[in-house]
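S.K.:
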Amino acid sequence: MQFYVTSVLIVTCVNVIAAWGLDLQFGSTGINNFAFIIFSAAGAYTAAILSLGPSSQLGGFQQYVGGSRLPFPLPIIGGVIVAGLLALVVGAVTMRRLRGDYEAVVLLVLSLIATGVALAQIGLLNGPAGLALIPKPLSSTLGLSSLGYQWVYLAWSLFLVLLVFLFLRRLLRAPFGRNLRAARDNEAAAAAVGRNVFSLRMQSFVIGGMIAGLSGALLVEFVNAWAPGSWLYPETFALITAIIVGGRANMAGVTIGTILVPVLFLEVTRFLPAIGYPGLIDALEWVVIGMLTLIFMWFRPQGLVPERRRRFAPSLHLSPRPEQSQLSPPIDSHFAMARPAPAEPVSSTEAAME
Amino acid sequence: MRRVRGVRRGVATAIAGMLIVVGGVVATASGAGAHGSQVVIDTFNPFSGPDNQFGFYEFAGCPPAAYWINKAGGIMGHSLKCGTVDTRGDPADAVLAAQKMLASTPNLVGVLGPSSDEDTATVSIINSAKVTMFDNGGTVALSSTNYKYFWRTLPADNVSGYALALWAHMKGYTKAAAIFANDVSAQGNDPGVVAGFPALGGHLVSNLSVTPDQSSYNTELQRVISAHPQVILTESDPQTAGVLFSELKQAGHLVPIIGTAGTVGPDYNKALSAAIGKKDFQKYFSIVYPYAPASGAAWTAYDQGLSKAKDEYKNPGQFSNNAYTMAPYDNVITMALAMVAAKSTTPSVYNNYIINVTRPRTGAVVVHTYAQGVQELKAGKQIQYIGASGSFPFNAHHASPGIYADVLPASGNKLIGTIPTQQLSRLIAH
Amino acid sequence: MSLLVDTIVFGIISGTLVAIGAVGFTLQYGVTNVLNLAYGSILTSAIFIGYLLSEHTTALWLLLVAGALWGAGLSYLLGMGLIAAFVRRGTNSVGIAIVTVSVGLIIQFGLEAIQGPGLLSFQSVAGSPFHIFNAIVSTTQTTLVGVAVGLMILIHLLLRHTRLGLAMRATSADPSLSRGCGISTNRIRTLSWLISGGLCGVTGIILGISVGAFQATTGNDLFILVIAAAIVGGIGRPYGAMIGGLALGIVSEATAAVLSPALKDVVACGVIVLVLVARPQGIFSDYSASRSVAL
Chain A
4 MQFYVTSVLI
14 VTCVNVIAAW
24 GLDLQFGSTG
34 INNFAFIIFS
44 AAGAYTAAIL
54 SLGPSSQLGG
64 FQQYVGGSRL
74 PFPLPIIGGV
84 IVAGLLALVV
94 GAVTMRRLRG
104 DYEAVVLLVL
114 SLIATGVALA
124 QIGLLNGPAG
134 LALIPKPLSS
144 TLGLSSLGYQ
154 WVYLAWSLFL
164 VLLVFLFLRR
174 LLRAPFGRNL
184 RAARDNEAAA
194 AAVGRNVFSL
204 RMQSFVIGGM
214 IAGLSGALLV
224 EFVNAWAPGS
234 WLYPETFALI
244 TAIIVGGRAN
254 MAGVTIGTIL
264 VPVLFLEVTR
274 FLPAIGYPGL
284 IDALEWVVIG
294 MLTLIFMWFR
304 PQGLVPERRR
314 RFAPSLHLSP
324 RPEQSQLSPP
334 IDSHFAMARP
344 APAEPVSSTE
354 AAME
Chain B
2 MRRVRGVRRG
12 VATAIAGMLI
22 VVGGVVATAS
32 GAGAHGSQVV
42 IDTFNPFSGP
52 DNQFGFYEFA
62 GCPPAAYWIN
72 KAGGIMGHSL
82 KCGTVDTRGD
92 PADAVLAAQK
102 MLASTPNLVG
112 VLGPSSDEDT
122 ATVSIINSAK
132 VTMFDNGGTV
142 ALSSTNYKYF
152 WRTLPADNVS
162 GYALALWAHM
172 KGYTKAAAIF
182 ANDVSAQGND
192 PGVVAGFPAL
202 GGHLVSNLSV
212 TPDQSSYNTE
222 LQRVISAHPQ
232 VILTESDPQT
242 AGVLFSELKQ
252 AGHLVPIIGT
262 AGTVGPDYNK
272 ALSAAIGKKD
282 FQKYFSIVYP
292 YAPASGAAWT
302 AYDQGLSKAK
312 DEYKNPGQFS
322 NNAYTMAPYD
332 NVITMALAMV
342 AAKSTTPSVY
352 NNYIINVTRP
362 RTGAVVVHTY
372 AQGVQELKAG
382 KQIQYIGASG
392 SFPFNAHHAS
402 PGIYADVLPA
412 SGNKLIGTIP
422 TQQLSRLIAH
Chain C
804 MSLLVDTIVF
814 GIISGTLVAI
824 GAVGFTLQYG
834 VTNVLNLAYG
844 SILTSAIFIG
854 YLLSEHTTAL
864 WLLLVAGALW
874 GAGLSYLLGM
884 GLIAAFVRRG
894 TNSVGIAIVT
904 VSVGLIIQFG
914 LEAIQGPGLL
924 SFQSVAGSPF
934 HIFNAIVSTT
944 QTTLVGVAVG
954 LMILIHLLLR
964 HTRLGLAMRA
974 TSADPSLSRG
984 CGISTNRIRT
994 LSWLISGGLC
1004 GVTGIILGIS
1014 VGAFQATTGN
1024 DLFILVIAAA
1034 IVGGIGRPYG
1044 AMIGGLALGI
1054 VSEATAAVLS
1064 PALKDVVACG
1074 VIVLVLVARP
1084 QGIFSDYSAS
1094 RSVAL
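Here's what the structure looks like:
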């Protein structure tokens, strides 16, 4: 029983870390990373390969590239680095000034193709069967019972959650965070006051990617197996739903969303005890995820815990008057349309359909 | 793209399970210690995703066995219940599912499974939890490991590849093409075919590995067609097979198709017969798979048990001749007899008695049903259980592969012929 | 020589399917400026409709028409109903993309829930084989290619030789200016959702007949290639999508023939990355700016 509770808590930690990483990109920077899960997968595969050792040693029943047996913290650090490098490469292609939804679609296609490549290229990451028998870090050194190990791993996960939390909080309160939000809310204005928007977005994308890698590595060292079925593109949308439900650009909100979305499922699955065939509930869960997103997008796009409006000038000692809120409207939704864009150049009229 | 199965959503089902378990603990706490409590054998297999038929076949063997066991008074007064755990066919999901099963199933005394989709990832977990399991996968790597709680009464995938090659040879084909999907289960057959068919003097003209679920395989098939095979040896998921053979037929080059045990099942039949038409389906398609004759005392008990357990599934007759359902039936009876012999339902105790109740030796009374076995054990006799799928001479790695060496190529579940065991072992040893 | 012919013939067969899907996807995007990521799921739903109908009729044209009507209807409801409502509420383009993904998930997994475990299959429409040099193709395949090519010619005629097409192109280029010129942009948008959905439905039926057996994810498998073709051809441009689809078809068949079938996906990936690296601004310049969703 304890064994099981700790498992759930560890996986929750993994999800919270991942959701924060995605929220840094999606919420605070406005990067629509529909490919988030592939960075998590990159971290997981790297950590797995760096702790499995050469592929020949287990009777060669798993084929993969590279492979070495590094001591404890190194595989996870390797996972973070590789995910960061992948983000660097992907970002270099996509972080140019592509329009938001177009950028999202390009990333979505990359996510789909990444899965396709991992499935088809057996020699790369052992194809559809994925990697298994990934050793538990330090399990022999610690010499604990398997339950004791669970608790230690949970403590380690919580430690990483705390670490990521402190890091992100510091980052977002620093000028860097303000610049990110400025670039998100008004790219042109941010550029006009001398901010390098590309560089800002790129940094956020890479940091978010590294956090994704950390979550993947943490997960894989716990479940000891990893396969393409574990990182299909809807996984990204489960996280996005959690963020939308909880509230973008608000770490508390995102945490609540991450915990809440599964609990809401619980209510659904509990009232539908073992109906139909196995797998029906599974499919219906995704229908519910989709509906939940639509419902929140319609009724409460800012989420349960909206982003806090930050005041940089503490107080102007003016009585709050309606005009003031018109001068600087609170950011109640990232999905609100921008104010009418300036007229576009007409010269492209004919070119558009060619 | 396969269907979605993700670890992350494990949390959802995980938390759901947790609350139910909490409820369960409270409930049993009030009635704790009641005599004749229930013991559980879970089928740990894919019940959703592309390989969901594994789970259905494996599970179907449990209720008939439970029927006979409970009718004979249970296992030392404990009634037996059959449960299911869905691994979704994904190793990472299966790891969490295994942990959930082990932590949240009170009185779990045995496991049917895992399948080859998840056995490399989960056998070690179940083994270290000291729960006896009967694997229904064919993963070759597990044929030589020494897990104490791991048992297998079905052949490894490489054996099935050799059987495929041998059957093609026996039918007089000299030019064969192999088409296997690139998943681990299908690819497990490939080495046996590649090594076996040429060793028999045949010529493997094409050895194609295909990526599943593409919308067309025209270019790939062009290679196969231009090599002019007389027969195609294959395993893939149904959708892939549908596209492959529909295109092969449209190209006008349909030849006999021999599938592995991985092509057994209504989905595959439906896809293939829709793709090439009913007539050609009956004319060209056959399957080589583990076989046990549908006769004898043990099989009769099995078949009767199936019809008694009809509440568990529609049309129990569909499992009558299925070796993949007979095996788990026998596995459950074997575990139950070992418990009686050990006078304990604890796996770490009765696990040592599995060999005692199955080993062929002089002086042991051969039994074919659970009730018979209990009776003889109570009389102080040694027993050897011979089940619906045969006898079980387990080797040092807890596998009894010899039993299934007779292999049935079936067409519309009709027996075409059997493959001689000796010839098959000679080919493998070659 | 024979390898070259094989590649081109099969490339065209698989390419036209992608091309026609991509035209529908990109045309609607060009006019309405909404990225419809539920397109793949609508495509799958058309296969299911075709499957239901195929139990009663085997007439190919009937299946195609039914698929087209279904796709058009669904697409209209999505575009002019749900999405229009969200746009009126002030949801921006990214929000709309998320809305369409959600709708896609609902349709895909709704179908999976209805379908149950296992998969469904079309009775294959048997054609007779014939040779184009060395390549063996069937009459069914060529009929389907013919249908797709015919539809593309129709789209071309519509865009180039009718007032409606002119209005569509104008709306695509500049909605507010077109409105100023007296074009009913609302009607044009309605029309583009209908055409897009119709093409999507036809693509679904053709895909269903070609693959035989299918499941709830089948449409989204093709959708990857559809988006890829649209990106390669320049998103929002129907002619680009046609060329992109054919090019992808031929390139991936060439990969399968010359290198290895397993490398198809890798090459598709490579092509997209190359296009993005080489000309992200050049090809997409009209769409990378912050244009908002047309009202």
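Chains as they are written, first to last, in my numbering: chain A, 4 to 357; chain B, 2 to 431; chain C, 804 to 1098. We put the beta carbon where it would ideally sit given N, CA and C, even for glycine. Here the structure is a predicted model, which means the values were calculated and not measured.
My understanding is that Ala1032/C touches Ala887/C, with C-beta atoms under 8 Å, so please give their C-beta distance in whole angstroms.
M.R.: About 27 Å; that fails the 8 Å criterion.
S.K.: Identify each residue in the region 148-175 of chain A for which the Cβ-Cβ distance to at least one residue of chain B is less than 8 Å, and report them in chain order.
M.R.: Ser149
S.K.: Give, in chain order, every residue of the region 891-923 of chain C whose Cβ lies closer than 8 Å to some Cβ of chain A.
M.R.: Arg892, Gly893, Thr894, Asn895, Ser896, Val897, Gly898, Ile899, Ala900, Ile901, Val902, Val904, Ser905, Val906, Gly907, Leu908, Ile909, Gln911, Phe912, Gly913, Glu915, Ala916, Gly919 and Pro920
S.K.: Can you give the beta carbon distance from Ala434/B to Ala272/B, rounded, assuming they're within the 8 Å contact cut?
M.R.: The question about residue 434/B has no answer here: the residues shown for chain B are numbered 2 through 431.
S.K.: Let me see if you follow: with CB-CB separation under 8 Å, is Val96/A close to chain C or not?
M.R.: yes
S.K.: Mind checking His399/B: buried by the 16 CB within 10 Å criterion, or exposed?
M.R.: buried
S.K.: Just the chain A side, please: which residues come within less than 7 Å of Ile1030/C by C-beta, in chain order?
M.R.: Val108 and Val112
S.K.: So if I threshold CB-CB distances at 8 Å, which residues from the region 291-303 of chain A count as touching chain C?
M.R.: Ile292, Gly293, Met294, Thr296, Leu297, Met300 and Trp301
S.K.: Can you tell me whether His859/C is buried or exposed, with buried defined as 16 or more other CB within 10 angstroms of its CB?
M.R.: exposed
S.K.: Please report whether the beta-carbon of Ala286/A lies at a distance below 8 Å from any beta-carbon of chain C.
M.R.: yes
S.K.: Would Ala44/A and Thr261/A be called neighbours here (beta carbons separated by less than 8 Å)?
M.R.: The Cβ atoms of Ala44/A and Thr261/A do not sit closer than 8 Å to each other.
S.K.: Residues in the same chain with beta-carbon distance under 6 Å from Thr49/A, minus the five sequence neighbours each way, listed in chain order, please.
M.R.: Gly81, Gly82 and Val85
S.K.: Name the one or two DSSP bridge partners that Asn208/B has.
M.R.: Ala179/B
S.K.: I need the boundaries of the beta strand (DSSP E) containing Ala938/C, first residue and last residue.
M.R.: Residue range Ala938 to Ser941 is occupied by the beta strand (DSSP E) that includes Ala938/C.
S.K.: Just the chain C side, please: which residues come within less than 7 Å of Gly243/B by C-beta, in chain order?
M.R.: Within chain C, the residues near Gly243/B are Ser924, Val1014, Gly1015 and Ala1016.
S.K.: Kindly list, in the order they appear in chain C, the residues whose Cβ is closer than 7 Å to that of Leu115/A.
M.R.: Ile1027
S.K.: Spell out a yes or no on whether the region 805-815 of chain C and the region 217-229 of chain B are touching, meaning 3 or more CB-CB pairs, one atom from each, closer than 8 Å.
M.R.: yes
S.K.: Closest Cβ-Cβ distance between Ile243/A and chain C: below 8 Å?
M.R.: yes
S.K.: If you measure beta-carbon to beta-carbon, which residues of the region 181-197 of chain B are closer than 8 Å to chain A?
M.R.: Per Cβ criterion, the list reads Asn183, Asp184, Val185 and Gln188.
S.K.: I'd like to know whether the C-beta atoms of Ala178/B and Leu209/B end up nearer to each other than 8 Å.
M.R.: Here Ala178/B is near Leu209/B, since their CB atoms are less than 8 Å apart.
S.K.: What does Ile125/A touch in chain B if you count any residue whose Cβ is under 7 Å from its own?
M.R.: The answer, in chain order, is Asn183.
S.K.: Answer yes or no: do Leu27/A and Leu171/A have a C-beta to C-beta separation smaller than 8 Å?
M.R.: yes
S.K.: Could you tell me the boundaries of the beta strand (DSSP E) in which Ser287/B lies?
M.R.: Phe286 to Pro291
S.K.: Please classify Phe39/A as buried or exposed, where buried requires at least 16 other C-beta atoms within 10 Å of its C-beta.
M.R.: buried
S.K.: Quick check on Asp188/A: buried or exposed, where buried means 16 or more other Cβ atoms within 10 Å of its Cβ?
M.R.: Counting Cβ neighbours within 10 Å, Asp188/A comes out exposed, since fewer than 16 surround it.
S.K.: Closer than 8 Å, Cβ to any Cβ of chain C: which residues of the region 194-223 of chain B, in chain order?
M.R.: Leu209, Ser210, Val211, Thr212, Asp214, Gln215, Ser216, Ser217, Tyr218, Asn219, Thr220, Glu221 and Gln223
S.K.: From Lys284/B to Thr123/B, what distance separates their C-alpha atoms?
M.R.: Between the C-alpha atoms of Lys284/B and Thr123/B there is a straight-line separation of about 41 Å.
S.K.: Does the contact criterion of 3 or more C-beta pairs under 8 Å hold for the region 190-197 of chain B versus the region 153-169 of chain B?
M.R.: yes
S.K.: Does the beta-carbon distance from Pro65/B to Tyr292/B come in below 8 Å?
M.R.: no
S.K.: Does the region 64-80 of chain A come within contact of the region 152-162 of chain A, defined as at least 3 CB pairs closer than 8 Å?
M.R.: no
S.K.: Please tell me whether Val902/C and Leu297/A are closer than 8 Å, where the distance is taken between their beta carbons.
M.R.: Yes; because the gap between Cβ atoms is below 8 Å, this pair is in contact.
S.K.: Tell me the DSSP secondary structure of Gly388/B in three-state form.
M.R.: Here Gly388/B sits in strand by DSSP.
S.K.: Can you list, in chain order, the residues of its chain whose CB lies under 7 Å from that of Val308/A, leaving out five sequence neighbours each side?
M.R.: Gly249, Gly250, Asn253, Ala255, Gly256 and Ile259
S.K.: Closest to Arg990/C by C-alpha separation, out of Ser999/C, Gly1036/C and Ala970/C, would be which residue?
M.R.: Ala970/C
S.K.: Do you know how far the Cα of Thr946/C is from the Cα of Phe1026/C?
M.R.: Rounded to whole angstroms, Phe1026/C to Thr946/C spans 22 Å at the Cα level.
S.K.: Between the region 366-384 of chain B and the region 136-146 of chain B, are three or more C-beta pairs nearer than 8 Å?
M.R.: Below 8 Å, too few C-beta pairs join the region 366-384 of chain B and the region 136-146 of chain B to call them touching: fewer than three.
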